[in-house]
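A.B. asks: Could you have a look at this structure, given as structure tokens, before my questions?
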Amino acid sequence: MFLLAVLASAHAHAHYLDLDEELVRARTFTMGFALTGTPFAYKEDGQLRGFERAMAQAVADAHGLDLRLVPLPRDRLAAALEAGEVDAINTLALDTEPPATRSVPYLVIGDHVMVLRGNPFRIQRLEDLHGRTVAATAGTTAEVFAHVLNERFREAGEPPMNVHSFPFQRATHFPVSMGHAAAYFMKTVSAVAISQDAHARTRILEGAFRPVREAGFAVRAEHTDVYHAIEHAVAAMVATGKYERLRAAHGLPPELSPYR
């Protein structure tokens, strides 16, 4: 009942927001996008597609706005938002949230465990990795995940994993693909893309996830009406099940939802 009351209040407040005072263009939600890859934000047949694009469209539709997509390189996202060229940007394309912004999340991202398709080593959960040989990319949060897991194994009196760290991500999967390692650790965006590639030899191990941060829409901190409009639209999507349907339709693992 409390959630319904909040959503009803949010809907009523959103209805009376005069968004045109803060929008870059009247009656238009202008979204700055940097490509993040399949299935998040990618180009196909010259069109921007993916889960992030679908979320932006849903926000625009919720308030009767047109959606205008502005493609930007990653290093221009924060500057474009600060300069007032766009109403919001996708923080999944950034390492951290820009200063002087507020964000409405639609994803939790972090690090995953990847195993061979067919799972010949029979890795079903994180605990099955103790004493195994694994791989990670040096200097990444995925490598941190591996070492944190090893500390857990040592505390439980289990043999730690033998962690091989590689300087480049593209080399990290080789030991697993060749059958020399049981698993490797990888960040969300790459892990999901690989799992959805029918030709890839590896896939995500379900439930083996270490969250690092949330990602979503970032707006200028002073644009409170736009922030609340996005917040209310996302809350309504969660309440009606639309968010969950979009997540599932794009093949995103359940653990990536901030609203579980």
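Read in order, the letters of the sequence shown correspond to residues 1236 to 1495 in this note's numbering. C-beta: ideal position from N, C-alpha, C; glycine also.
Give me the Cα-Cα distance between ARG1284 and PRO1274, rounded to the nearest whole angstrom.
C.D. replies: Position 49 of the sequence shown holds residue 1284. Position 39 of the sequence shown holds residue 1274. Distance between the alpha carbons of ARG1284 and PRO1274 is about 8 Å.
A.B. asks: Report buried or exposed for ASP1322, applying the criterion of at least 16 other Cβ atoms within 10 angstroms of its Cβ.
C.D. replies: Within the sequence shown, the letter at position 87 stands for residue 1322. By the 10 Å Cβ count, ASP1322 comes out buried.
A.B. asks: To the nearest angstrom, how far is the alpha carbon of GLU1287 from that of PHE1380?
C.D. replies: The count along the sequence shown starts at 1 and reaches residue 1287 at position 52. The count along the sequence shown starts at 1 and reaches residue 1380 at position 145. If you take the alpha carbons of GLU1287 and PHE1380, they lie about 26 Å apart.
A.B. asks: In chain order, what residues of the same chain have a beta carbon less than 8 Å from the beta carbon of TYR1277, not counting five sequence neighbours either side?
C.D. replies: Along the sequence shown, read from residue 1 onward, the residue named residue 1277 stands at position 42. Correct list, in chain order: LEU1270, THR1271, LEU1283, ARG1284 and GLY1285.
A.B. asks: Grouping DSSP H, G and I as helix and E and B as strand, with all else coil, what is PRO1489?
C.D. replies: By one-based count along the sequence shown, residue 1489 stands at place 254. Helix at PRO1489.
A.B. asks: Which value, in whole angstroms, describes the spacing of the CA atoms of GLU1317 and ASP1346?
C.D. replies: Here residue 1317 refers to the residue found at position 82 of the sequence shown. Here residue 1346 refers to the residue found at position 111 of the sequence shown. Going by the C-alpha atoms only, they are around 30 Å apart.
A.B. asks: Quick one: what's got a C-beta closer than 6 Å to ALA1435's C-beta in the same chain, skipping five residues either side?
C.D. replies: Here residue 1435 is taken as the residue at index 200 of the sequence shown, counted from 1. Closer than 6 Å at the Cβ level, and outside the excluded window around ALA1435, lie ILE1429.
A.B. asks: I'd like to know whether the C-beta atoms of ILE1344 and ARG1448 end up nearer to each other than 9 Å.
C.D. replies: In the sequence shown, the residue the question calls residue 1344 occupies position 109. In the sequence shown, the residue the question calls residue 1448 occupies position 213. Yes, these two residues count as a Cβ contact at 9 Å.
A.B. asks: Do THR1263 and ARG1303 have their C-beta atoms within less than 9 Å of each other?
C.D. replies: Here residue 1263 corresponds to residue number 28 of the sequence shown, with the count starting at 1. Here residue 1303 corresponds to residue number 68 of the sequence shown, with the count starting at 1. Going by C-beta atoms, THR1263 is nearer than 9 Å to ARG1303.
A.B. asks: If we call anything under 9 Å between Cβ atoms a contact, is PHE1409 one with THR1372?
C.D. replies: Here the question's residue 1409 lines up with position 174 in the sequence shown. Here the question's residue 1372 lines up with position 137 in the sequence shown. No; because the gap between Cβ atoms is not below 9 Å, this pair is not in contact.
A.B. asks: Could you tell me whether any Cβ in chain D is nearer than 9 Å to the Cβ of VAL1469?
C.D. replies: Note that chain D does not occur in the displayed structure, where there is just one protein chain.
A.B. asks: What is the DSSP secondary structure of ARG1387, reduced to helix, strand or coil?
C.D. replies: Residue numbering aside, residue 1387 sits at position 152 when the sequence shown is read from its first letter. Here ARG1387 sits in helix by DSSP.
A.B. asks: Measuring straight from C-alpha to C-alpha, what distance separates LEU1312 and GLU1441?
C.D. replies: Indexing the sequence shown from 1 puts residue 1312 at position 77. Indexing the sequence shown from 1 puts residue 1441 at position 206. Taking the straight line joining both Cα atoms gives about 32 Å.
A.B. asks: Between HIS1382 and the rest of its own chain, which residues show a CB-CB distance below 8 Å, the 5 nearest in sequence each way excluded?
C.D. replies: Start at 1 with the first residue of the sequence shown, and residue 1382 comes out as number 147. Counting only Cβ-Cβ distances below 8 Å, and skipping sequence neighbours, we find VAL1398.
A.B. asks: Quick check: the Cα distance between LEU1254 and ILE1465, rounded to an integer number of angstroms?
C.D. replies: Position 19 of the sequence shown holds residue 1254. Position 230 of the sequence shown holds residue 1465. One C-alpha to the other measures close to 11 Å.
A.B. asks: Look at the alpha carbon of HIS1458 and the alpha carbon of GLY1319, and state the distance between them as a whole number of angstroms.
C.D. replies: Within the sequence shown, the letter at position 223 stands for residue 1458. Within the sequence shown, the letter at position 84 stands for residue 1319. Cα to Cα, HIS1458 sits roughly 11 Å from GLY1319.
A.B. asks: Taking the Cβ atom as the reference point for each residue, do ALA1417 and VAL1350 lie within a distance shorter than 9 Å?
C.D. replies: Here residue 1417 refers to the residue found at position 182 when the sequence shown is read from its first residue. Here residue 1350 refers to the residue found at position 115 when the sequence shown is read from its first residue. Closer than 9 Å, so yes.
A.B. asks: Looking at C-alpha atoms only, which residue of PHE1401, THR1368, THR1375 and GLY1374 is the closest neighbour of ASN1385?
C.D. replies: In the sequence shown, the residue the question calls residue 1385 occupies position 150. Of the candidates PHE1401, THR1368, THR1375 and GLY1374, the one whose C-alpha sits nearest the C-alpha of ASN1385 is THR1368.
A.B. asks: Look at the Cβ atom of PHE1388, then the Cβ atom of PRO1395, and state whether they are nearer than 9 Å.
C.D. replies: Taking the sequence shown and counting its residues from 1, the one referred to as residue 1388 is at position 153. Taking the sequence shown and counting its residues from 1, the one referred to as residue 1395 is at position 160. In this structure, PRO1395 lies closer than 9 Å to PHE1388 by Cβ.
A.B. asks: Measuring only the C-alpha atoms, how far is THR1331 from GLY1374?
C.D. replies: By one-based count along the sequence shown, residue 1331 stands at place 96. By one-based count along the sequence shown, residue 1374 stands at place 139. When rounded, the distance between both Cα atoms is 16 Å.
A.B. asks: Distance, Cα to Cα, PHE1452 vs ASN1325?
C.D. replies: Counted from its first residue, the sequence shown places residue 1452 at position 217. Counted from its first residue, the sequence shown places residue 1325 at position 90. Near 5 Å, if we compare the C-alpha coordinates of ASN1325 and PHE1452.
A.B. asks: So, under 8 Å CB-CB, GLN1431 and GLY1486 are touching, yes? Tell me the CB distance rounded to an integer number of Å.
C.D. replies: By 1-based counting over the sequence shown, the position of residue 1431 is 196. By 1-based counting over the sequence shown, the position of residue 1486 is 251. Right, the Cβ-Cβ distance comes to about 5 Å (below 8 Å), so this counts as a contact.
A.B. asks: Is it buried or exposed, ALA1295, if we count other Cβ atoms within 10 angstroms and call 16 or more buried?
C.D. replies: Position 60 of the sequence shown, counting from 1, holds the residue named residue 1295. Per the 10 Å Cβ criterion, buried.
A.B. asks: Taking all protein chains shown into account, do 16 or more other C-beta atoms lie within 10 angstroms of the C-beta of ALA1328, making it buried, or fewer, making it exposed?
C.D. replies: Looking up residue 1328 in the sequence shown gives position 93. Buried, because 16 or more other Cβ atoms sit within 10 Å of the Cβ of ALA1328.
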